[in-house]
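Report on the following structure.
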Amino acid sequence: MPLEILGRMYEKANREYYAIGQFNFSNLEFLQAAVEAAEEMKSPVIVALSTGAIKYGGIKNLVALTRTMAEQVSVPVALHLDHGEKIDDIKRCVDAGFTSVMIDGSHHSLDENIALTRQAAEYAHGKGITVEAELGRLGGIEDDINVDERDARLTDPDEAVRFVKESGCDALAVAVGTSHGAYKFKGENRIDFDRIKTIKSRLGIPLVLHGASSVDAQSVAQINEYGGKIEGAKGLDAESYARAIKNGINKVNIDTDLRLKWTAVLRKIMHDKPGEFDPRKFLGPARDAVKEIIKEKMKLLGSAGKA
Ligand code: PGH
Ligand code: CA
Ligand code: ZN
1 MPLEILGRMY EKANREYYAI GQFNFSNLEF LQAAVEAAEE MKSPVIVALS TGAIKYGGIK
61 NLVALTRTMA EQVSVPVALH LDHGEKIDDI KRCVDAGFTS VMIDGSHHSL DENIALTRQA
121 AEYAHGKGIT VEAELGRLGG IEDDINVDER DARLTDPDEA VRFVKESGCD ALAVAVGTSH
181 GAYKFKGENR IDFDRIKTIK SRLGIPLVLH GASSVDAQSV AQINEYGGKI EGAKGLDAES
241 YARAIKNGIN KVNIDTDLRL KWTAVLRKIM HDKPGEFDPR KFLGPARDAV KEIIKEKMKL
301 LGSAGKA
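Next up, the structure:
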């Protein structure tokens with residue numbers, strides 16, 4: 001199929017209470033893993049590039065690869081910009097053929113975030129592309145942070161209502177206690193599920209959960225066994241996905257889990273096969289392992305079988 005507009009995928013997900021996975025990539029193998037996983041699971045899929053990934057792989061190369069791969073499968077694939085910060089990022093990606101963009105003005109004041117998002121939405125909507133925005137601050141939730149500090153970082157439902165009305169965004173990334181990377185929680189997983197529910201009931205639009213990797217203990221153990229050093233990493237369990245989705249999340253962003261699995265496989269093969277120097281012998285198994293992780297996520301998110 002040609003690349004699908006993300007807004008179109010959301011309609012069914014929002015109605016039927018499941019989430020579509022966003023999987024970040026910056027190379028051939030991660031993209032193949034996501035698209036093949038989607039085809040095998042009969043799931044819609046969002047593949048995403050950050051501005052750093054675009055710089056790494058080249059926008060034309062990455063868009064052409066994604067388009068070509070999407071055309072060869074029967075399930076919808078959306079190409080999304082992850083955490084665009086400038087209006088120029090938005091324009092460049094929309095013009096290059098992305099079918100969804102995120103404008104992340106979360107570090108600005110509410111008024112500035114609204115103005116920036118409004119500008120992004122006007123441009124993208126003019127070309128038929130839907131926009132994700134972010135309100136509130138993600139960030140590691142430390143055990144010693146007090147309740148008021150924590151509350152101040154999380155997305156405020158009243159602000160969210162004003163934000164969406166005035167900015168015109170199509171989907172909203174909410175800060176509800178997750179953070180990016182491998183170190184999300186110090187003690188217990190502290191996601192504010194009630195906040196998701198409240199915001200969803202007030203807005204009705206698709207909500208996005210960033211920082212949603214599980215940080216699989218087996219991957220971390222394997223990395224450490226073969227010379228890596230990743231300590232105290234922690235992420236979301238299957239139960240958290242289910243609760244978040246039940247309360248109104250329709251898009252779940254996963255990057256760290258893929259990177260961890262990739263690294264674990266590469267480290268082990270390099271250790272086990274010291275005489276090997278064919279890149280395909282390293283990258284192929286790593287790609288297949290990433291694909292399996294993505295298929296598992298599609299089941300957990302409820303998107304499997306929905307394409
Ligand atoms: C994410 C990814 N990308 O926008 O939110 O989060 O680090 O948990 O994979 P993770
Ligand atoms: Ca942000
Ligand atoms: Zn994110």
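The numbering used here puts the first residue of the sequence shown at 1, with every later residue one more than the last. Note that beta-carbon positions come from the ideal geometry of N, C-alpha and C, so glycine has one too. Note that the structure is predicted; figures quoted are calculated from it, not measured.
Is any non-hydrogen atom of ligand 3 found closer than 8 Å to the C-beta of D237, if you look at the structure I gave you? Checking every heavy atom of ligand 3 against the Cβ of D237, none is found closer than 8 Å.
Buried or exposed (CB count within 10 angstroms, at least 16 for buried), Q22: Residue environment: Q22 is assigned as buried (16 or more neighbouring CB atoms within 10 Å of its CB, all protein chains considered).
In its own chain, which residues sit with a C-beta less than 8 Å from the C-beta of D288, not counting the 5 before and 5 after it? Closer than 8 Å at the Cβ level, and outside the excluded window around D288, lie A33.
Which of the three DSSP states is assigned to I222 in this structure? According to the sequence provided, residue 222 is Gln. The question's Ile does not apply to it. The answer is helix: DSSP assigns Q222 an H, G or I state.
Does the distance from the CB of I294 to the CB of L266 come in under 9 Å? With contacts defined by Cβ atoms closer than 9 Å, I294 and L266 do not form a contacting pair.
Indicate the three-state DSSP secondary structure (helix, strand or coil) for S201 in the structure shown. Three-state DSSP puts S201 in a helix.
Using only the heavy atoms of ligand 3, determine whether one of them is closer than 8 Å to the beta carbon of N250. N250: no, Cβ never under 8 Å from ligand 3.
Under the DSSP definition of a beta bridge, which residues are partnered with V161? Answer by DSSP bridge pairing: none, since V161 is not bridged.
Can you list, in chain order, the residues of its chain whose CB lies under 6 Å from that of G235, leaving out five sequence neighbours each side? Contacts found: K184, S213, S214 and V215.
Range of the contiguous beta strand (DSSP E) that encloses T51: T51 -> not in any beta strand (DSSP E); alpha helix (DSSP H) instead, spanning T51 to G57.
Going by beta carbon distance, what residues of the same chain come within less than 6 Å of S109, once the five residues before and after it are set aside? Within the same chain, S109 has no close Cβ partners at all.
To the nearest angstrom, how far is it from the Cα of P206 to the Cα of K200? Using only the alpha carbons, I get a separation of about 8 Å.
Apart from the five residues on each side of it in sequence, which residues of its chain come closer than 7 Å, Cβ to Cβ, to G302? Excluding positions up to five away in sequence, the list reads Y18, A19 and I245.
Under the three-state reduction of DSSP, which class applies to I293: helix, strand or coil? Three-state DSSP puts I293 in a helix.
Cβ neighbours of Y123 in the same chain (closer than 8 Å, five flanking residues each side left out): Shown here for Y123: same chain residues with a beta carbon closer than 8 Å to its own, the five before and five after excluded, namely I87, I90, K91 and V94 in chain order.
Can you tell me whether A48 is helix, strand or coil according to DSSP? A48: strand per DSSP, three-state reduction.
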